[in-house]
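Once you know that position 204 of the sequence shown is 204 in my numbering, the rest is easy, because the numbers rise by one and skip nothing. By construction, the Cβ of each residue, glycine as well, lies at the ideal position given by its N, Cα and C atoms.
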Amino acid sequence: MAPMAGDHKGEDAEVFSNNNEQPIPVPVPMKDRKPSWAKLRRLDSLNLEAGRGNWQRTLLLAFQSIGIVYGDIGTSPLYVMSSTFSKGTIHDQDDILGVLSLIIYTIALIPMLKYVFIVLWANDNGDGGTFALYSLLCRYAKVSLVPNYQPEDRELSNYKLETPSNQLKRAHKIKEMLETSKFAKLFLFTVTIMGTSMVIGDGILTPSISVLSAVSGIKSLGQNVVVGISVVILIILFSVQRLGTDKVGSSFAPIIFIWFSLLTGIGLYNLFKHDIGVLRAFNPQYIVEYFKRNGRDGWVSLGGIFLCITGSEAMFADLGHFNIPAIQLSFSGIAFPALLTAYAGQAAYLRKFPHEVEDTFYKSIPGPLYWPVFVVAVAASIIASQAMITGAFSIISQSLSLGCFPRVKVVHTSSKYEGQVYIPEINYLLMIACVIVTAALKTTENIGHAYGIAVVTVMVLTTCFVTLIMLVIWKTSIWLIALFFVVFGFIEIMYMSSVFYKFTQGGYIPLVFSLFLTVVMAIWHYVHKQRYIFELKNKVSTDYLKELAANPNISRVPGMGLLYSELVQGIPPIFTHFINNIPSIHSVLVFVSIKNIPISKVIPEERFLFRQVEPREYRMFRCVVRYGYNDIIGEPKEFELQLVENLKEFIRQQNFLIEATTDDVDTTTTVMPDTSSTAIASNKKTKRASTSTIHIEEGLGATPSIDRVSLASTTPSFNNKSSNSSSRIVSAPLRGAEEEMQFVQQAMDKGVVYLLGEAEVVAAHRSSFLKKMVVNYGYSFLRKNFRQGEKVMSIPSTRLLRVGMTYEI
1 MAPMAGDHKG EDAEVFSNNN EQPIPVPVPM KDRKPSWAKL RRLDSLNLEA
51 GRGNWQRTLL LAFQSIGIVY GDIGTSPLYV MSSTFSKGTI HDQDDILGVL
101 SLIIYTIALI PMLKYVFIVL WANDNGDGGT FALYSLLCRY AKVSLVPNYQ
151 PEDRELSNYK LETPSNQLKR AHKIKEMLET SKFAKLFLFT VTIMGTSMVI
201 GDGILTPSIS VLSAVSGIKS LGQNVVVGIS VVILIILFSV QRLGTDKVGS
251 SFAPIIFIWF SLLTGIGLYN LFKHDIGVLR AFNPQYIVEY FKRNGRDGWV
301 SLGGIFLCIT GSEAMFADLG HFNIPAIQLS FSGIAFPALL TAYAGQAAYL
351 RKFPHEVEDT FYKSIPGPLY WPVFVVAVAA SIIASQAMIT GAFSIISQSL
401 SLGCFPRVKV VHTSSKYEGQ VYIPEINYLL MIACVIVTAA LKTTENIGHA
451 YGIAVVTVMV LTTCFVTLIM LVIWKTSIWL IALFFVVFGF IEIMYMSSVF
501 YKFTQGGYIP LVFSLFLTVV MAIWHYVHKQ RYIFELKNKV STDYLKELAA
551 NPNISRVPGM GLLYSELVQG IPPIFTHFIN NIPSIHSVLV FVSIKNIPIS
601 KVIPEERFLF RQVEPREYRM FRCVVRYGYN DIIGEPKEFE LQLVENLKEF
651 IRQQNFLIEA TTDDVDTTTT VMPDTSSTAI ASNKKTKRAS TSTIHIEEGL
701 GATPSIDRVS LASTTPSFNN KSSNSSSRIV SAPLRGAEEE MQFVQQAMDK
751 GVVYLLGEAE VVAAHRSSFL KKMVVNYGYS FLRKNFRQGE KVMSIPSTRL
801 LRVGMTYEI
């Protein structure tokens with residue numbers, strides 16, 4: 001069993017293999033004996049939220065979160081009462097108290113208790129949202145559909161989280177059930193992409209309903225003018241997203257803070273002026289009496305009451321932009337009391353003026369404050385859209401790491417705070433969809449019918465995922481898990497049944513959005529998985545590599561070649577195709593696999609995982625480069641330097657192991673592990689090494705079809721000068737570690753060439769009609785219309801060699 005990354009025991013570091021051999025002591029110079037960086041960073045999931053910084057930083061993030069997270073839930077007082085009493089009449093004065101009581105306990109139980117004090121702790125190394133919950137489960141149970149699991153990944157500092165030790169038996173049984181059931185894996189994945197699609201749907205409906213509800217304050221303009229102004233505001237809103245969460249949040253926070261202050265002031269004014277007796281609504285008995293009086297109509301009205309907590313999911317989805325203390329502080333200290341006061345004030349006003357329910361908010365504003373409040377309301381409604389827009393950015397960024405979304409450009413907008421991202425393509429697609437929805441539906445009532453379904457569906461999915469996390473990861477008491485699931489599940493199912501009642505009145509819109517996005521994500525992930533399995537089955541055999549040495553037509557050219565592939569368990573079939581068409585190999589060749597790990601960040605010292613490809617004199621290496629979904633792939637020059645430095649460290653450590661093995665064989669009869677079959681993750685800062693066996697399957701399997709070779713550019717490694725200095729594939733004899741490291745450095749100095757395999761995926765002839773449609777048309781369309789691999793990985797076009805190949809799946 002390999003030790004945790006960076007562990008040092010006693011006087012020497014220890015290196016382990018996966019074959020249960022005895023550890024080989026690696027002397028660590030006294031000056032290099034430092035506390036393990038990885039060990040210092042290994043934190044409990046309950047503490048490793050998005051930053052446990054000082055209070056000054058937390059207060060700043062709390063202030064910024066006001067402008068990003070609470071715009072949606074903060075502007076709900078504009079339309080909740082009119083949506084609840086949709087017929088415009090209140091039949092019984094006590095119905096106001098019943099509705100207010102429902103609003104009070106709904107806000108207290110769902111946003112406050114469930115999200116702020118429970119769900120936020122189910123973060124994935126500081127990131128929230130549906131995909132964060134799914135990626136967290138993928139780490140603790142092998143439920144990912146793509147078979148790229150590696151034991152070495154569990155040694156990453158941010159990968160394995162410390163959990164309580166009780167209830168292990170129950171957690172193990174559930175974990176085993178999930179890992180052995182294909183249906184469970186498929187169901188979890190399907191539910192995840194559906195929930196993600198619903199959150200993105202919220203990002204479309206939230207701006208529309210928020211802006212329309214505010215601009216509707218000037219009814220004299222006419223409905224068409226209100227819609228036109230709303231469309232213009234929406235276009236401006238999406239145009240400023242490129243500035244990033246940090247700048248947008250700092251700009252918007254003061255406005256939302258003023259808005260919450262006005263809500264509190266107006267609420268208190270109405271409460272004391274009209275009827276302070278509405279505070280009796282804190283007695284839940286009024287809820288029971290409300291349903292007794294109204295029966296079916298009371299159940300239908302839940303669809304309007306539910307709008308008071310729209311935006312709650314944003315607190316979790318936007319967690320990566322802030323941190324848990326910031327969200328808890330800003331919601332419990334500012335948003336929660338302001339909302340309760342606002343709704344209590346509106347209830348007090350309606351007790352005196354029950355016939356003004358259609359425009360309760362604006363009617364209840366004291367005369368002199370009307371226009372200032374209107375201006376702030378419009379600004380706050382614009383900002384309300386921000387919560388789900390940034391949430392959509394975060395979730396799509398996470399989905400990319402699991403191969404569930406076509407390639408898009410992810411821009412990290414802040415160097416100070418992790419997780420603040422902007423995706424240009426998604427931003428403008430959301431803008432177009434918002435404009436269409438606003439222009440088509442025109443009123444907040446129509447949009448409200450659609451809005452509730454999207455929000456409540458995501459909430460139900462979150463409850464189910466967190467329950468599973470409690471069982472498998474947190475190992476909480478079964479009674480507490482049952483209490484959580486029953487209480488919140490019952491509340492949300494009740495609301496869901498009500499909002500689905502308005503399915504035909506516009507409620508189908510978010511389901512159409514969700515279905516479209518789910519199909520896109522399912523198609524991309526299905527072909528991504530099948531392509532990976534194809535490469536896994538057809539990877540290059542060791543016999544093929546041995547034959548290269550005997551082939552006089554293969555030559556070595558100066559420089560270093562980086563051949564990119566997604567395969568992490570062997571050498572991809574594209575290498576065979578490359579050799580057949582261009583019979584030359586660089587003096588140092590590295591098979592690079594960019595692997596996205598289901599965590600937010602991988603520390604640089606643990607990013608590179610190397611393996612020597614036998615025979616050693618070929619100077620070929622396999623390298624898995626591991627990134628979390630919030631990591632930034634550096635510029636080519638920076639990436640090359642990091643890769644070469646880690647490769648030289650690998651050579652140094654491998655040489656030490658070989659020497660240690662040779663010495664041990666000379667003095668004892670113990671059989672030592674074969675270092676040629678070990679992958680060594682180097683850590684230059686802590687001078688550590690950990691190894692694990694990675695096997696290469698014999699036999700190439702089915703022969704991949706070959707159709708084309710395309711050169712993106714002519715590189716220095718393939719000109720006439722390089723061909724004159726080329727040699728047979730077997731290079732100079734192996735030398736000591738320092739000489740080998742020098743050889744690698746010289747190869748880099750002579751030029752680095754990026755070799756990128758472009759695999760065109762087509763369905764096999766025997767495939768079904770549906771599979772051919774999905775692979776040949778659906779996936780092909782997405783691949784051609786989204787970003788190509790070299791753009792995502794920032795590969796310079798002047799040093800890029802593309803090799804085309806066709807995979808039949």
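Extent of the continuous alpha helix (DSSP H) to which residue i belongs
i	result
H586	First-last for H586: S584 to N596, but that is the beta strand (DSSP E), not the alpha helix (DSSP H).
E313	S312 to A317
L59	W55 to I68
V487	I478 to V499
W524	Y508 to K537
G868	What the structure shows of the chain is the stretch from 1 to 809, and residue 868 is not part of that stretch, so it cannot be assessed.
M194	K182 to V215
T341	F336 to K352
V116	Careful: V116 lies outside any alpha helix (DSSP H) and carries neither H nor E.
K442	First-last for K442: undefined, no H or E at that position.
Strand pairing of residue i, partner residues [DSSP]
i	result
R242	None; R242 has no bridge partner.
M560	V588 and V752
H412	V421
Y627	N596
F621	V590 and Q612
S565	S593
D124	D127
L643	Its beta-bridge partners do not exist; DSSP assigns none.
Buried or exposed by the 16-neighbour rule on C-beta atoms within 10 Å, applied to residue i
i	result
K502	buried
G448	buried
W259	buried
P111	buried
Q223	exposed
V278	buried
S477	exposed
S690	Here S690 scores only 34 on pLDDT, less than 50, and its place in the model should not be relied on; the value that follows carries that caveat. Under this definition S690 is a buried residue.
R799	buried
T667	Bear in mind that the predicted position of T667 carries a pLDDT of just 46, short of 50, making it too unreliable to give a figure here.
V613	buried
N446	buried
D44	Note on D44: pLDDT 35, under 50, position unreliable in the model; no value is reported.
E372	The sequence given here has Pro at residue 372, not Glu. P372 is exposed by the Cβ-count criterion.
E492	buried
I436	exposed
L589	buried
M805	buried
Contact check, residue i vs residue j, beta carbons under 8 Å
i	j	result
L212	T444	yes
L120	I396	no
L109	V143	no
G391	V199	yes
K539	L567	yes
I96	A482	no
L643	C623	yes
I389	G203	yes
F650	F610	yes
F257	I423	no
I599	V803	no
I469	L137	yes
G267	A344	yes
F621	L657	no
N630	K595	no
Span of the beta strand (DSSP E) around residue i
i	result
G613	Correcting the residue identity first, residue 613 is Val in this sequence and not Gly. Element bounds for V613: F608 to V613.
Distance cut-off 7 Å: residue i Cβ against heavy atoms of the ligand GDP
i	result
L400	By its list of ligands, the structure shown contains no ligand whatsoever, and the ligand GDP lies outside what it can speak to.
Self-check item: Cβ contact check for the stretch 95–104 and the stretch 359–366: 3 or more pairs under 8 Å
Solution: The stretch 95–104 is not in contact with the stretch 359–366.
Quiz item: Three or more C-beta pairs closer than 8 Å, one from the stretch 223–239 and one from the stretch 301–317: is that the case here?
Solution: Short answer: they don't touch.
Quiz item: Just checking, does the stretch 65–77 make contact with the stretch 290–304 on the three C-beta pairs under 8 Å criterion?
Solution: Flag = no, the stretch 65–77 and the stretch 290–304 do not touch.
Quiz item: For the 8 Å Cβ check, are there 3 or more pairs between the stretch 348–359 and the stretch 80–93?
Solution: Yes: the two stretches touch, three or more of their Cβ pairs being nearer than 8 Å.
Practice problem: Answer yes if the stretch 573–588 comes into contact with the stretch 543–556, meaning at least three C-beta pairs across the two stretches below 8 Å, and no otherwise. | Solution: Verdict: yes, contact present.
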